[in-house]
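Its first residue numbered 47, the sequence shown is counted upward by one per residue in our numbering. Read the structure below first, then the notes.
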Amino acid sequence: MSDWLEHTVQIEIDAPIDLVWNLWSDLEQMPNWMKWIESVKVLEEDPKLSRWKLASGGFNFTWLSREIKLIPHQILQWESVDGLPNRGAIRFYDRGEQGSIVKMTVAYSVPGFLFQLMDKLFLGRIVESTLYADLERFRQYALKAKG
């Protein structure tokens with residue numbers, strides 16, 4: 047038995063949408079700004095599939111993710127097909143000279159035993175603060191790439 051939790055965070059970035067999209071859509075670069083992601087490997091035999099490894103606080107999870115929707119400069123949506131159950135979308139908003147907005151929605155299944163060990167709201171706050179910190183690291187990464 048498991049429960050699904052979903053979180054949405056967003057950030058404004060003073061960088062053009064082309065740059066923001068190109069950086070984020072290069073999935074293998076994710077560990078550069080996502081603290082819990084240890085590695086991402088896009089499969090050569092099917093570029094819509096990628097193998098992810100998450101490592102944090104003694105927990106290690108892996109999963110195979112499938113791209114289910116990709117519209118350049120707008121959305122990158124995925125779902126896991128094995129391993130840690132998760133799904134989500136990254137949405138990109140072009141604000142012209144004002145830069146870009148990146149909005150991340152992540153949903154994941156938490157095994158019932160973990161819910162018994164910790165409060166769902168506490169877990170949610172940890173995940174949301176981590177996701178927001180990841181977006182802040184991405185903003186810094188994009189600004190550095192922008193030059």
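C-beta atoms are modelled at their ideal positions from N, C-alpha and C, and glycine is treated no differently. These figures come from a predicted structure and were not determined experimentally.
DSSP lists R97 as the beta-bridge partner residues of K87. The beta carbon of F107 sits closer than 7 Å to those of L100, G129, L130, all from its chain and outside the five residues before and after it, given in chain order. Only residues of its own chain outside the window of five on either side were considered, and among them H53 have a CB closer than 6 Å to the CB of V173, listed in chain order. Counting every other CB atom within 10 Å of its CB across the protein chains shown gives A191 a total below 16, marking it as exposed. Beta bridge pairing from DSSP links D72 with no other residue. When the beta-carbon positions are compared, W67 and F184 stay at least 8 Å from each other. Secondary structure of Q123 (DSSP, three-state): strand. In the DSSP secondary-structure assignment, T176 is not bridged to any residue.
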